[in-house]
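160 is the number that the UniProt record's numbering gives to position 160 of the sequence shown; each next residue is one higher, with no gaps. I have placed the structure first, in the form of structure tokens, so that the comments after it can refer back to it.
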Amino acid sequence: MILTQSSKLRDVCYEIRGPVPAEAARMEAQGHQILKLNIGNPAPFGFEAPDEILVDMIKNLPTAQGYSDSRGIPAARRAVAQYYQMRGMPGIELDDVFLGNGVSELIQMVCQALVDDGDEVLIPQPDYPLWTAAVSLAGGRAVHYRCDEQDSWWPDVSDIADRVTERTKAIVVINPNNPTGAVYPERVLREIVEVARKHGLLILADEIYDKILYDDAVHTPIGSLAPDLLTITFNGLSKAYRVAGFRAGWMTLYGPQDDATSFIEGLEVLSNMRLCPNVPAQHVVATALGGYQSINDLVLPGGRLREQRDVAYEGLSEIPGVSVVKAEGALYMFPKLDLEMYRIHSDEEFAYDLLRSKKLLVNHGTGFNYPEPDHLRLVTLPQADVLADAVDRIADHLASIRR
Ligand code: PLP
């Protein structure tokens with residue numbers, strides 16, 4: 001029998017780990033050295049978790065051998081609930097918090113519990129493509145709303161409002177944003193809440209970068225602006241605490257649940273079906289949230305992440321025909337290439353060419369569901385000199401395809 005993938009997967013793709021990175025892996029196997037700027041994974045770039053997290057992980061291993069409660073251990077959920085209580089979301093209880101094997105698992109659980117065939121979910125464009133993939137896998141339709149590069153990559157709220165239909169169930173807000181690095185001001189968030197309020201939409205707030213902020217950027221949890229609506233906020237330890245490999249994330253329900261009891265029961269079923277998230281990692285959630293917030297040292301002036309962001313921004317901005325909005329948060333840049341200046345027909349082909357000629361792996365913008373083939377995403381995690389070298393490789397390659 002020939003095995004074909006299920007039709008559910010027809011529209012599902014996740015290019016961040018797609019064919020271009022697979023080609024990079026093949027080249028590495030042949031002995032090439034590839035500079036890989038395609039994944040927001042801090043550890044390979046020399047970032048380490050705070051010691052207290054590692055020590056606690058090791059210390060708790062003996063007692064973390066069994067399954068836990070499906071939602072996660074109470075100590076971790078209590079710490080998460082308290083975190084959001086302090087961030088303007090009072091009254092969150094233990095059962096409002098679900099831990100997961102990273103935010104990724106929880107995104108998929110929520111989409112499976114929420115979306116029926118043909119249901120629509122509003123998702124930013126460009127997006128973090130797991131959201132689009134998870135909605136598609138659940139049988140729904142990802143409806144992309146415009147984020148405006150000319151306006152700091154903030155969401156175009158009138159575009160959001162125009163795209164609401166009778167099938168719309170939820171709106172996804174990624175703030176701080178991957179891939180653009182935008183941090184949304186409270187005014188924009190309030191306008192989004194207004195659209196959600198008018199149409200009774202669930203708000204899905206992906207705030208995994210809430211502590212990775214540069215300059216004077218301030219992060220406002222959107223849930224704190226909408227106590228009268230149901231919001232699910234996603235966050236975890238992968239980025240700010242640099243332990244992406246531990247697979248530790250959570251989601252928090254906030255706001256009225258009376259109209260959502262069936263949906264929440266669905267979440268419980270799915271949570272039970274995955275038995276429980278990785279237990280050793282759950283033991284460090286409270287330590288991380290309550291401990292020394294070393295991420296601040298990395299993002300403040302003089303901090304490594306901040307310096308790298310500056311190097312990437314300045315280097316990219318100096319390349320003729322390249323423009324980039326300076327990231328105010330997160331770990332990425334999403335530069336635009338001038339297609340009148342450069343011979344680029346497909347941004348994926350461009351990524352392959354850059355890989356083959358310069359041994360540099362970046363993501364192509366259409367992999368983030370961006371409609372035009374004129375953007376790239378790169379992570380700002382490497383040391384400044386490595387990033388400067390990566391920018392030089394991009395500049396050299398572009399010079400070779402100049403019209
Ligand atoms: N959400 C966003 C916006 C991300 O950028 C990522 C990872 O890059 C995730 C969610 C998933 O994170 P994890 O599954 O490691 O918690």
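Using N, Cα and C, we set each Cβ at its ideal position, and we do this for glycine too. Please read all numbers here as calculations on a predicted model, not as lab measurements.
When the Cα atoms are used, what is the spatial distance from A64 to R247?
By one-based count along the sequence shown, residue 64 stands at place 64. By one-based count along the sequence shown, residue 247 stands at place 247. Their backbone Cα atoms lie some 15 Å apart in a straight line.
What residues does the ligand PLP have around it, judged by CB closer than 6 Å to any heavy atom, in chain order?
G40, G102, V103, S104, Y128, I174, N178, D206, I208, G236, S238, A244 and G249
Enumerate, from N- to C-terminal direction, the unbroken alpha helix (DSSP H) stretches of 4 or more residues contained entirely within the stretch 257-306.
261-273, 279-282, 285-290 and 295-299
I need the boundaries of the alpha helix (DSSP H) containing W131, first residue and last residue.
The sequence position of residue 131 within the sequence shown is 131, counting from 1. Where W131 is concerned, the enclosing alpha helix (DSSP H) stretches over L130 to L137.
Measure from the alpha carbon of G40 to the alpha carbon of each residue in T261, I16 and R403, then state which is nearest.
Start at 1 with the first residue of the sequence shown, and residue 40 comes out as number 40. Ranking T261, I16 and R403 by Cα distance to G40 puts I16 first.
Could you give the residue range of the alpha helix (DSSP H) that holds L355?
For the purposes of this step, residue 355 is identified with residue 355 of the sequence shown, where counting begins at 1. Segment D347 to K358, the alpha helix (DSSP H) holding L355.
Quick check: W154 and Y184, are their CB atoms within less than 7 Å of each other?
Here residue 154 refers to the residue found at position 154 of the sequence shown. Here residue 184 refers to the residue found at position 184 of the sequence shown. Y184 is positioned such that its CB atom lies closer than 7 Å to that of W154.
Ordered along the chain, which non-local residues of its own chain (more than five positions away) have a Cβ less than 6 Å from that of I123?
Within the sequence shown, the letter at position 123 stands for residue 123. Same-chain partners within the cutoff: W131, T132, A142, H144 and V172.
Would you mind working out which of G46, I160, G66 and Q33 sits nearest P280, comparing C-alpha positions?
In the sequence shown, residue 280 corresponds to position 280, counting from 1. Considering only alpha carbons, the answer is G66.
Alpha carbon of P74 to alpha carbon of S357, nearest angstrom
Position 74 of the sequence shown, counted from the first residue, corresponds to residue 74. Position 357 of the sequence shown, counted from the first residue, corresponds to residue 357. So the two alpha carbons sit approximately 52 Å from each other.
Could you check how far apart the C-beta atoms of V379 and W250 are, in whole angstroms? I think they sit under 8 Å.
Locating residue 379 in the sequence shown gives position 379, counting from the first residue. Locating residue 250 in the sequence shown gives position 250, counting from the first residue. Going by Cβ atoms, the distance from V379 to W250 rounds to 23 Å, so no, they are not a contact pair.
Q30 versus P44 - alpha carbon distance
To locate residue 30, count along the sequence shown from 1; it is residue 30. To locate residue 44, count along the sequence shown from 1; it is residue 44. Distance between the alpha carbons of Q30 and P44: 21 Å.
Here's a check: name, in chain order, each residue in its chain whose Cβ is nearer than 7 Å to the Cβ of T220, leaving out the five neighbours to either side.
As a position in the sequence shown, residue 220 is number 220, starting the count at 1. Excluding positions up to five away in sequence, the list reads E186 and L189.
Can you check which of these residues, D116, E52, E93 and P176, is closest to S136 by C-alpha distance?
Position 136 of the sequence shown, counted from the first residue, corresponds to residue 136. Among D116, E52, E93 and P176, the Cα nearest to that of S136 is on D116.
Going by C-alpha distance, which of A351, S346 and P227 is nearest P90?
Residue 90 sits at position 90 when you count from the first residue of the sequence shown. For the options A351, S346 and P227, the alpha carbon positioned closest to that of P90 is the one of P227.
First and last residue of the alpha helix (DSSP H) that includes K198?
Translated into positions along the sequence shown, residue 198 becomes position 198. Element bounds for K198: E186 to H199.
Assuming contact is defined by CB atoms lying nearer than 7 Å, are N101 and N278 in contact in what I supplied?
Residue numbering aside, residue 101 sits at position 101 when the sequence shown is read from its first letter. Residue numbering aside, residue 278 sits at position 278 when the sequence shown is read from its first letter. Yes, they are a contact pair.
Host beta strand (DSSP E) of N101 (start-end):
Within the sequence shown, numbered from 1, the residue matching residue 101 stands at position 101. Run containing N101: V97 to N101, per the beta strand (DSSP E) assignment.
Would you kindly check if the distance between the Cβ of I203 and the Cβ of T231 is under 7 Å?
As a working mapping, residue 231 is identified with position 231 in the sequence shown. As a working mapping, residue 203 is identified with position 203 in the sequence shown. Yes, the Cβ-Cβ distance between T231 and I203 is below 7 Å.
Does the structure place the stretch 231-241 close enough to the stretch 204-214 that three or more beta carbon pairs sit under 8 Å?
A contact exists between the stretch 204-214 and the stretch 231-241.
May I have the straight-line CA-CA distance separating residue 411 from A79, to the nearest angstrom?
What is shown of the chain runs 1 to 403, which leaves residue 411 out entirely.
Considering only the alpha carbon of each residue, which of Q125, N60, D347 and G140 lies closest to V285?
By one-based count along the sequence shown, residue 285 stands at place 285. Selected option, being the one with the closest Cα: N60.
Paired residues, beta bridge with P124 - DSSP
Here residue 124 refers to the residue found at position 124 of the sequence shown. In DSSP, P124 forms a bridge with Y145.
Rounded straight-line distance, which links the Cα of L94 to that of P19:
In the sequence shown, counting from the first residue as 1, residue 19 sits at position 19. In the sequence shown, counting from the first residue as 1, residue 94 sits at position 94. Going by the C-alpha atoms only, they are around 41 Å apart.
Enumerate in chain order the residues of its own chain whose CB-to-CB distance from D56 is below 8 Å, with the five nearest sequence positions on each side excluded.
If you number the sequence shown from 1, residue 56 lands on position 56. If we look at D56 and ignore the five residues flanking it on each side, its Cβ neighbours are H283, V284 and T287.
Nearest neighbour of A134, chosen from D396, Q112 and C147 [CA to CA]:
Against the sequence shown, residue 134 aligns to sequence position 134. Among D396, Q112 and C147, the Cα nearest to that of A134 is on Q112.
Specify whether the stretch 173-183 and the stretch 324-338 touch according to this definition: at least 3 beta carbon pairs, one from each stretch, less than 8 Å apart.
yes
First through last residue of the beta strand (DSSP E) which encompasses V173
For the purposes of this step, residue 173 is taken as residue 173 along the sequence shown, with counting starting at 1. That run of the beta strand (DSSP E) goes T168 to I174.
Looking at Y352: is its Cβ nearer than 7 Å to the Cβ of L398?
Locating residue 352 in the sequence shown gives position 352, where the first residue counts as 1. Locating residue 398 in the sequence shown gives position 398, where the first residue counts as 1. The answer is no: Cβ separation not under 7 Å.
Ordered list of beta strand (DSSP E) runs contained in the stretch 69-118, each at least 3 residues:
You should have 97-101.
Nearest by alpha-carbon distance to E348: which of N296, L361 and G315 is it?
Numbered from 1 along the sequence shown, position 348 holds the residue referred to as residue 348. Residue L361 is the option with its Cα nearest to E348.
Through-space distance from T168 to V121, alpha-carbon basis:
Stepping through the sequence shown from its first residue, residue 121 is reached at position 121. Stepping through the sequence shown from its first residue, residue 168 is reached at position 168. Cα to Cα, the separation comes out at about 6 Å.
Note down, in chain order, each residue of its chain lying with its Cβ closer than 6 Å to the Cβ of V311, except the 5 sequence neighbours on either side.
One-based indexing of the sequence shown puts residue 311 at position 311. Excluding positions up to five away in sequence, the list reads A384, L387 and A388.
Count the other C-beta atoms from every protein chain shown that fall within 10 angstroms of the C-beta of N363, then say buried if there are 16 or more, exposed otherwise.
Here residue 363 is taken as the residue at index 363 of the sequence shown, counted from 1. Classified as buried, N363 has 16 or more neighbouring CB atoms from the shown chains inside 10 Å of its CB.
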